[in-house]
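Below you'll find the structure, written out as structure tokens, and then a few comments.
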Amino acid sequence: MHPVIETVYKAADTFMSDYVTLNEEKIASFEIEDVEGGVRYFALPPYLEKIRREVEPNVAYKIIHIFNAIQASLQYSFFTADADIRFDGIDSQWVIGMLDETFAEFGVRSVTDTYRIKERIVERLMASNITMLRSRVETVEEVFAKLNFYEYGEAYADVDASLTQLSKLVCFKQDFFFKKGLFAVMMTGRMLPELSEDHPDYTAAVASMPVPADYQIPKMLRHYGFIVFDEELNRMVEKGVVLQENSKEELSIRATTVNACGLLAERNGVSADKVDAWLFAHRHESKLKHHLCVTEFY
0 MHPVIETVYK AADTFMSDYV TLNEEKIASF EIEDVEGGVR YFALPPYLEK
50 IRREVEPNVA YKIIHIFNAI QASLQYSFFT ADADIRFDGI DSQWVIGMLD
100 ETFAEFGVRS VTDTYRIKER IVERLMASNI TMLRSRVETV EEVFAKLNFY
150 EYGEAYADVD ASLTQLSKLV CFKQDFFFKK GLFAVMMTGR MLPELSEDHP
200 DYTAAVASMP VPADYQIPKM LRHYGFIVFD EELNRMVEKG VVLQENSKEE
250 LSIRATTVNA CGLLAERNGV SADKVDAWLF AHRHESKLKH HLCVTEFY
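With numbering that gives the first Met the number 0, the residue at position 251 of the sequence shown is 250, and numbering never jumps.
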């Protein structure tokens, strides 16, 4: 098991507390219907789909893998004041769309081309009203300066190599739960399901990965009754009280998320990645609030 993944599972065991409990009975009796539907939700955006059709597969896969490292690095804390407010509609899908448009604008068709778009990404961020602007610009600068796109692109079907390279960047490694790094690798697999068909080792490696613990997944776990917040934490979350980063409550939410999704995956004979995708794709079905935490981690 990769050291990064070992750390995530260790953190999940270490930070469990009475603030959040597992409903193992409910988890054991739940069958996920149309589990592949969650994965289909994360289809390639328009320009990446065009690349996949028109560019030699090995090159297209490298570009898509690099795209996901960049977009995942920017996926955190979009809410403003309340769980339901995404100012100007800026959210995770906005980031993916903005980057896809930028790749299209520059006609990216090779790994070398990806290096030309950094300043334009910064311009697009600056022109938007995205939250935590300073840290996002710094994140883009770090990814382009320190992640070797040639080496990372080559690792599109090598989970361990991908995780190793991402873990050398502060913007990924600073989080015990390595949310953005796990998400980067998983998104490549979701956008390119043929990788699992062509690389058996890749399938097994993805299956060993825990979920990227964020906001929406614990909300959905609460929605289905798989995890339960204690009375005070439930009140805080529903009233929009911002939790401190790395507080016992916040860490307990993320830890229980990893463990609950692992049990759901085992119960349904699928990977935690597919559980994560399924829960996220159904997030609009719940009227519950997600917890608030101003963080660069997720």
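For each residue, glycine too, the CB sits at the ideal point set by N, CA and C. Please read these numbers as outputs of a predicted model, since none were measured by experiment.
Anyone know if the C-beta pair for residue i and residue j falls short of 9 Å?
| i | j | result |
| --- | --- | --- |
| F171 | Q215 | no |
| Q70 | A183 | yes |
| I50 | R108 | yes |
| L165 | A68 | yes |
| I26 | L232 | no |
| H290 | K218 | yes |
| K167 | F143 | no |
| A254 | V19 | yes |
| R234 | V227 | no |
| V7 | F225 | no |
| T294 | Y75 | yes |
| D275 | C292 | no |
| D298 | K288 | The chain is shown only over 0 to 297; residue 298 falls outside these bounds and no answer can be derived. |
| E196 | V169 | no |
| G38 | P192 | The question names Gly, yet the displayed sequence has Val at residue 38. Yes. |
| L47 | N258 | no |
Start and end of the beta strand (DSSP E) containing residue i?
| i | result |
| --- | --- |
| F228 | I226 to F228 |
| L165 | Not the beta strand (DSSP E): L165 falls in the alpha helix (DSSP H), residues V158 to L165. |
| T20 | V19 to L21 |
Which residues in the same chain have their Cβ closer than 7 Å to the Cβ of residue i, if we skip the five residues on either side of it in sequence?
| i | result |
| --- | --- |
| V34 | N267, V269, K273 and W277 |
| D213 | K178 and Y297 |
| T113 | I62, I65, V107 and F148 |
| T101 | I116, R119, I120 and R123 |
| A206 | S270 |
| M0 | S207 |
| S251 | F14, M15, S16, Y18 and V19 |
| L309 | Residue 309 lies beyond the stretch modelled for the chain, which goes from 0 to 297, so this question has no answer here. |
| A10 | F175, F176 and A254 |
| E32 | none |
Quick one: residues in its chain with C-beta nearer than 8 Å to the C-beta of residue i, no 5 flanking neighbours on either side, listed in chain order?
| i | result |
| --- | --- |
| P45 | D99 and A103 |
| R135 | L73, L124 and I129 |
| V110 | V58, K61, I62, I65, F148, Y149 and G152 |
| M208 | I4, V158, L181, V184, M185, S270, A271 and D272 |
| E23 | L262 |
| G36 | W277 and A280 |
| G96 | P44 |
Drop a sphere of 10 angstroms on the beta-carbon of residue i, count the other beta-carbons inside from all chains shown, and report buried for 16 or more, exposed for fewer.
| i | result |
| --- | --- |
| H283 | exposed |
| P56 | exposed |
| Y40 | exposed |
| D174 | buried |
| M186 | buried |
| L194 | buried |
| M190 | buried |
| G88 | exposed |
| S28 | exposed |
| A126 | exposed |
| P211 | buried |
| F77 | buried |
| L132 | exposed |
| A42 | exposed |
| V139 | buried |
| V240 | exposed |
How far does the alpha helix (DSSP H) with residue i in it reach, from first residue to last?
| i | result |
| --- | --- |
| C170 | V169 to K172 |
| D272 | A271 to A280 |
| A68 | P56 to S72 |
| H222 | Q215 to H222 |
| V38 | V34 to Y40 |
| G239 | No alpha helix (DSSP H) holds G239; DSSP gives it neither H nor E. |
| V3 | P2 to T13 |
| D87 | Segment: none, D87 is in no alpha helix (DSSP H) and carries neither H nor E. |
| Y155 | Taken as a continuous stretch (DSSP letters only), Y155 belongs to no alpha helix (DSSP H), as it is neither H nor E. |
| P45 | P45 to E53 |
| M190 | K178 to M190 |
| E193 | E193 to D197 |
| L262 | K247 to N267 |
| F77 | First-last for F77: undefined, no H or E at that position. |
| I120 | K117 to A126 |
| L132 | L132 to K145 |
| T113 | V110 to T113 |
Using a Cβ-Cβ cut-off of 9 Å, state whether residue i counts as contacting chain D.
| i | result |
| --- | --- |
| E32 | The structure shown contains no chain D, having only a single protein chain. |
Check whether the Cβ of residue i sits closer than 8 Å to any heavy atom of the ligand PLP, and report yes or no.
| i | result |
| --- | --- |
| A126 | In the structure shown, the ligand PLP is absent, as is every other ligand, since no ligand is present at all. |
For residue i, collect the residues of the same chain with a Cβ closer than 6 Å to its Cβ; drop the 5 residues on either side in sequence, then sort them by chain order.
| i | result |
| --- | --- |
| A160 | A154 |
query = Is it true that the segment 247-261 meets the segment 14-23, where meeting means three or more beta-carbon pairs spaced less than 8 Å apart?
reply = yes
query = At a cut of 8 Å, does the segment 192-209 reach the segment 149-158 through at least three beta carbon pairs?
reply = yes
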